[in-house]
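Enquirer: Please read through the structure below; I'll follow up with questions.
2 protein chains.
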Amino acid sequence: MVQKLEVHGDDLDSRAREVLREIVMQHVSTGEAISSRSLAKCGRFQLSPASLRNVMADLEDLGYLQQPHPSAGRVPTDRGYRFFIDHLMKSRVLSQRERESIDDQVGHVNEIEDVLQLTSRLLSTLSDQVGVVFMPTLMQFTIRSMDFIAIADNRIMCVIVGTNGVVVNKVIETRQPFSRDELEKISRYITGEFFGLTLDTIRRRLIRLTEEERAHHDTMLQKTIALGIEAVNDVAAPIDHELYVEGTTSILMKPEFADAVSLRKTFLALQEKEKLVELLNSCLSEDGLQILIGSESDFTQVNNFSIVARRYGSNSAPLGMVGILGPMRMEYARMAPLVDYLGRALSRKIEEEEQQQ
Amino acid sequence: MVQKLEVHGDDLDSRAREVLREIVMQHVSTGEAISSRSLAKCGRFQLSPASLRNVMADLEDLGYLQQPHPSAGRVPTDRGYRFFIDHLMKSRVLSQRERESIDDQVGHVNEIEDVLQLTSRLLSTLSDQVGVVFMPTLMQFTIRSMDFIAIADNRIMCVIVGTNGVVVNKVIETRQPFSRDELEKISRYITGEFFGLTLDTIRRRLIRLTEEERAHHDTMLQKTIALGIEAVNDVAAPIDHELYVEGTTSILMKPEFADAVSLRKTFLALQEKEKLVELLNSCLSEDGLQILIGSESDFTQVNNFSIVARRYGSNSAPLGMVGILGPMRMEYARMAPLVDYLGRALSRKIEEEEQQQ
DNA sequence: TCTGGCACTCCGATTCCCGGAGTGCTAACC
DNA sequence: GGTTAGCACTCCGGGAATCGGAGTGCCAGA
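From first to last, the protein sequence lines are chains E and D.
Under the numbering used here, the very last position in the first sequence is 337; numbers go up by exactly one each time.
Under the numbering used here, the very last position in the second sequence is 337; numbers go up by exactly one each time.
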């Protein structure tokens, strides 16, 4: 399939490529369907509208363009955008000023949660699209400490701090009551024993311990293990994630969503975050910048969205996804470096925190 | 002003009152403007349309009705709704089934946060409007315990548990580092010393202690005080609040918001929660069910909303507001008891938790 | 005081019309 | 063979005109 597309890429002669590029660029900036006449007028082709019409007809036959209705100009299809991105696009690098502004703002925030929120906000304002930052389950995190606090007799708050500075806390219900003393001891023990391990490993070790220690009748240790398992299970439930979505208002102002019907639809799509989470989760396995256009995924298809996203965190331990979400018509050449830079900035920031502490 | 309205209330003869009631009820159920003919047809009046038109004209002169456009039927104004609610409405009590269903669901949840969220969800589904639950700053809460956990050298998580079961936690930055041992001691000391007091009192005591103890050179105590003050200040910042808003989708489906313009406007209003918080905060001082219609508050005026809300928590220590939010056209007779019951249910639930522990 | 009747108004849907914009095709041209 | 001019065709969108329906206000008569 990819091979096929590559061949297609070479199939287009340079004139057709230039025409497609110009149509994409004009359409992105105006939002209108592009006519042969407006192409001729732009001055980049020494050709008459009639000749350009021929080229456009060819591009339509190949599935790169389409007409909203007969006797209208052409609009890029998602395949058209895809070709543009893969072969024609010249990424515009971020200006010095923009990068400095980003670095500056990121530098002034400390809490991980705040950094994530700031990032989504920056993505949104700088792109004028919806900014998204996603942090999935913590199963793969390595922990720095794990503390237990009595809230009620059989209700305990568990606070887990990751080596990367992320803090998670969750109230868990326990079967047996714990005293303040016990909890302090348990906190010390677990933190001391499991420092630097992932929750996943910790759980496996705890389960192994259960079996080994069954004979010893050390009640304290048994209590510790029981509590530890409950905590790990509860905190690292697979649905557990953070999702920051910023700038939904700006996207609803776009002409694409002018009428009440698509406005409602888009609004609902942004409300129901499960689908989005599902998509981002599935993107987590791949490295580098990822662009999904319209029909290329379920979520983007039904809403005519595009997504430009990227993993953040270190290569060995990816933490989540950052990206933007908007209508298919967007300035990919500007979005791509923006998302890329913010992804890097976020990764760097988290790494700093990790080292510093 | 209130006096004036009361007089108005008596000004209307019984026929006019009945006509107004019928118009409100018909309009609420259909959403259409009500004509003299449809009033005559409903059978409650032995009058011809022509006579009813006279009554309607009078009600319009008094400001209770208005015509969307000439030669359309009449629609209640916000004053009309106000009169209806104050003098004509017969609250429909909740059915046994509904109450049992509510009690049952509330009974199955334990976390305060979950209870609040459930309540807003119930409000939304049972009313088919937007359900809102608001919990303002915790300054007036009495605490059960206060624990400090090291996250990094000079970053500490503070977990406060209220006697009502509410748990708040917040990461605070400290000027000096604290060891694990110190933190445990501090936690014990503060919890022991300040159990049952409000954050506000605690802060005042801590400040007094600062002065008293300055001479003693007890570094440990000084550290304790410093940390305590930082924690209380930080956690109980005035902006600190929780707001649960549920069911925004259902409201956007209502015919009132069919066109793109009002859809956008409503959407934006629901996004920007500050205004809503402001309004709810200002309602917090008054007891009993509160109904705000259209022009009766800034927030409801610009969006043509109405709000039916009620305080929850005990009388001596109100915790927050519960309520529903929707277009002016809503079944107030059903909304009023619903909000009232859920407010009581929520208060009762919180009280139970408090006693139980 | 109530009611029937009548004139008037306004909305909304439907229809028709027309200009603008754009295409596809063909034939001529370089 | 590629390129261009010309022409017929199509479709959209806005505007004017039309018409029926719904509702009111008012007046005169019971």
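Glycine residues also receive a C-beta, built at the ideal position from the N, C-alpha and C atoms.
I need the straight-line Cα distance from asparagine 134 (chain E) to arginine 160 (chain E), nearest angstrom please.
Expert: Counting from 1 along the first sequence, the entry for residue 134 (chain E) is found at position 154. Counting from 1 along the first sequence, the entry for residue 160 (chain E) is found at position 180. For asparagine 134 (chain E) and arginine 160 (chain E), the distance between alpha carbons rounds to 12 Å.
Enquirer: How would you write the range of the alpha helix (DSSP H) that glutamine 270 (chain D) sits in, first residue to last?
Expert: Residue numbering aside, residue 270 (chain D) sits at position 290 when the second sequence is read from its first letter. That residue, glutamine 270 (chain D), is in no alpha helix (DSSP H); its beta strand (DSSP E) goes 270 to 273.
Enquirer: Over the uninterrupted alpha helix (DSSP H) stretch that includes cysteine 263 (chain E), give me the two end residues.
Expert: Sequence index remark: in the first sequence, residue 263 (chain E) carries index 283 (1-based). Cysteine 263 (chain E) -> alpha helix (DSSP H) spans 253 to 263.
Enquirer: To the nearest whole angstrom, what separates the beta carbons of arginine 291 (chain D) and aspartate 267 (chain D), a pair I think is in contact under 8 Å?
Expert: Stepping through the second sequence from its first residue, residue 291 (chain D) is reached at position 311. Stepping through the second sequence from its first residue, residue 267 (chain D) is reached at position 287. Confirmed, about 6 Å.
Enquirer: Using the rule of at least 16 other Cβ atoms within 10 Å of the residue's Cβ for burial, across every protein chain shown, is alanine 211 (chain E) buried or exposed?
Expert: Along the first sequence, one-based indexing puts residue 211 (chain E) at 231. Under this definition alanine 211 (chain E) is a buried residue.
Enquirer: In angstroms with no decimal places, state the Cα-to-Cα distance between serine 230 (chain D) and aspartate 94 (chain E).
Expert: Along the second sequence, read from residue 1 onward, the residue named residue 230 (chain D) stands at position 250. Along the first sequence, read from residue 1 onward, the residue named residue 94 (chain E) stands at position 114. In a straight line, the C-alpha of serine 230 (chain D) is about 31 Å away from that of aspartate 94 (chain E).
Enquirer: Tell me, please, whether the region 109 to 118 of chain E touches the region 297 to 306 of chain E by the rule of three or more beta-carbon pairs shorter than 8 Å.
Expert: At 8 Å Cβ cutoff, the stretches touch.
Enquirer: Say the cut is 6 Å; is the CB of proline 50 (chain E) nearer than that to a heavy atom of the ligand GTP?
Expert: Because no ligand of any kind appears in the structure shown, any question about the ligand GTP cannot be addressed here.
Enquirer: Among D:Leu259, D:Arg24, D:Leu0, which has the Cα closest to the Cα of phenylalanine 279 (chain D)?
Expert: Translated into the one-based positions of the second sequence, residue 279 (chain D) becomes position 299. The residue with the shortest Cα to Cα distance from phenylalanine 279 (chain D) is D:Leu259.
Enquirer: With distance defined between alpha-carbon atoms, name the residue in D:Leu32, D:Ala52, D:Asn283 nearest to phenylalanine 247 (chain D).
Expert: The residue you call residue 247 (chain D) lines up with position 267 of the second sequence. Residue D:Asn283 is the option with its Cα nearest to phenylalanine 247 (chain D).
Enquirer: Could you tell me which uninterrupted beta strand (DSSP E) segments, each at least 3 residues in length, are contained entirely in the region 267 to 318 of chain E, listed from first to last along the chain?
Expert: If we require 3 residues or more, the beta strand (DSSP E) runs fully inside the region 267 to 318 of chain E come out as 270 to 273, 285 to 293, 298 to 307.
Enquirer: What would DSSP say about isoleucine 219 (chain E), mapped onto helix, strand or coil?
Expert: Along the first sequence, one-based indexing puts residue 219 (chain E) at 239. Annotation note: pLDDT 46 at isoleucine 219 (chain E) (below 50); position unreliable, no value reported.
Enquirer: For glutamine 335 (chain E), decide whether its Cβ has a neighbour in chain D, counting only Cβ atoms nearer than 7 Å.
Expert: As a first step, residue 335 (chain E) must be located in the first sequence, where it is residue number 355. With 7 Å as the cut-off, glutamine 335 (chain E) does not count as an interface residue toward chain D.
Enquirer: Arginine 328 (chain E): buried (16+ other C-beta within 10 angstroms of its C-beta) or exposed?
Expert: As a working mapping, residue 328 (chain E) is identified with position 348 in the first sequence. The residue is exposed, with fewer than 16 neighbouring Cβ atoms inside 10 Å.
Enquirer: What span of residues does the beta strand (DSSP E) with isoleucine 131 (chain D) cover, start to end?
Expert: Stepping through the second sequence from its first residue, residue 131 (chain D) is reached at position 151. Isoleucine 131 (chain D) -> beta strand (DSSP E) spans 123 to 132.
Enquirer: Report the three-state DSSP secondary structure of lysine 245 (chain D) (helix, strand or coil).
Expert: Here the question's residue 245 (chain D) lines up with position 265 in the second sequence. Helix, per DSSP.
Enquirer: Where DSSP assigns a beta bridge to glutamine 26 (chain D), which residues make up the other side?
Expert: Position 46 of the second sequence, counting from 1, holds the residue named residue 26 (chain D). Paired residues: none, contrary to the question.
Enquirer: At a Cβ cut of 8 Å, what residues of the region 304 to 321 of chain E count as close to chain D, listed as they run along the chain?
Expert: Listed by position along the chain: nothing, the set is empty.
Enquirer: Going along the chain, which residues of its own chain have a beta-carbon closer than 7 Å to the beta-carbon of threonine 154 (chain E), five neighbours each way excluded?
Expert: Position 174 of the first sequence holds residue 154 (chain E). Result list for threonine 154 (chain E): Asn134, Ile136, Leu207, Glu210, in chain order.
Enquirer: Identify the residues that DSSP records as bridge partners of glutamine 335 (chain E): which are they?
Expert: Indexing the first sequence from 1 puts residue 335 (chain E) at position 355. Glutamine 335 (chain E) is not bridged to any residue.
Enquirer: Buried or exposed for methionine 233 (chain E), please, with buried defined as at least 16 other CB atoms from any protein chain shown within 10 angstroms of its CB.
Expert: What you label residue 233 (chain E) is simply residue 253 of the first sequence in a count that begins at 1. With fewer than 16 other Cβ atoms within 10 Å, it is exposed.
Enquirer: Could you work out which residue in E:Pro235, E:Ser265, E:Gly87, E:Leu223 is closest to glutamate 254 (chain E) when comparing CA atoms only?
Expert: Reading the first sequence from its first residue, position 274 is the one you call residue 254 (chain E). For the residues E:Pro235, E:Ser265, E:Gly87, E:Leu223, the minimum Cα distance to glutamate 254 (chain E) belongs to E:Leu223.
Enquirer: Taking C-alpha atoms, which residue in D:Glu192, D:Ser31, D:Val55, D:Asn34 lies nearest to glycine 11 (chain D)?
Expert: For the purposes of this step, residue 11 (chain D) is identified with residue 31 of the second sequence, where counting begins at 1. Nearest option by C-alpha distance: D:Val55.
Enquirer: Do three or more CB pairs link the region 62 to 73 of chain E to the region -7 to 11 of chain E at distances below 8 Å?
Expert: Yes, the region 62 to 73 of chain E touches the region -7 to 11 of chain E.
Enquirer: Could you compute how far the alpha carbon of glutamate 162 (chain E) sits from the alpha carbon of arginine 183 (chain D)?
Expert: Walking along the first sequence from the start, residue 162 (chain E) turns up at place 182. Walking along the second sequence from the start, residue 183 (chain D) turns up at place 203. So the alpha carbons of these two residues sit roughly 29 Å apart.
Enquirer: Along the region 224 to 247 of chain D, where does the CB come closer than 8 Å to a CB of chain E? Name the residues.
Expert: Cβ contacts with chain E: Thr228, Thr229, Leu232, Met233, Ala238, Asp239, Ala240, Leu243, Arg244, Phe247.
Enquirer: Would a check of beta-carbon distances place methionine 137 (chain E) closer than 7 Å to chain D?
Expert: For this step, residue 137 (chain E) is matched to residue 157 along the first sequence. Chain D, which has a Cβ nearer than 7 Å to the Cβ of methionine 137 (chain E), makes this yes.
Enquirer: Taking the Cβ atom as the reference point for each residue, do histidine 20 (chain E) and proline 29 (chain E) lie within a distance shorter than 7 Å?
Expert: Translated into positions along the first sequence, residue 20 (chain E) becomes position 40. Translated into positions along the first sequence, residue 29 (chain E) becomes position 49. Checking the sequence, you will find alanine at residue 20 (chain E) rather than histidine. Yes, the pair counts as a contact, with Cβ atoms nearer than the cut-off.
Enquirer: Closest Cβ-Cβ distance between aspartate 127 (chain D) and chain E: below 7 Å?
Expert: In the second sequence, counting from the first residue as 1, residue 127 (chain D) sits at position 147. Chain E contact via Cβ: present.
Enquirer: Does chain E have any CB closer than 7 Å to the CB of glutamine 6 (chain D)?
Expert: Stepping through the second sequence from its first residue, residue 6 (chain D) is reached at position 26. By this cut-off, glutamine 6 (chain D) is not an interface position.
Enquirer: When DSSP labels each residue in this structure, what does glutamate 78 (chain D) get in the three-state scheme?
Expert: What you label residue 78 (chain D) is simply residue 98 of the second sequence in a count that begins at 1. Glutamate 78 (chain D) falls in the helix class under three-state DSSP.
Enquirer: Since asparagine 149 (chain E) meets chain D, which of its residues come closer than 8 Å, beta carbon to beta carbon?
Expert: Here residue 149 (chain E) corresponds to residue number 169 of the first sequence, with the count starting at 1. By Cβ distance, chain D contributes Met137, Val139, Asn149.
Enquirer: For threonine 99 (chain E), which residues of its own chain have a beta-carbon under 7 Å away from its beta-carbon, when the five flanking residues on both sides are left out?
Expert: Here residue 99 (chain E) is taken as the residue at index 119 of the first sequence, counted from 1. Val113, Val302, Leu322, Leu326, listed in sequence order.
Enquirer: Consult DSSP for valine 146 (chain D) and reduce its assignment to one of helix, strand or coil.
Expert: Reading the second sequence from its first residue, position 166 is the one you call residue 146 (chain D). Reduced to three states, the DSSP call for valine 146 (chain D) is coil.
Enquirer: Which residues in chain D have a C-beta closer than 9 Å to the C-beta of alanine 130 (chain E)? List them in chain order.
Expert: Against the first sequence, residue 130 (chain E) aligns to sequence position 150. Residues of chain D passing the Cβ test: Ser125, Asp127, Val141.
Enquirer: So glutamate 91 (chain D) contacts chain E; which residues on that side make the cut at Cβ distance below 8 Å?
Expert: For the purposes of this step, residue 91 (chain D) is identified with residue 111 of the second sequence, where counting begins at 1. The answer, in chain order, is Val151.
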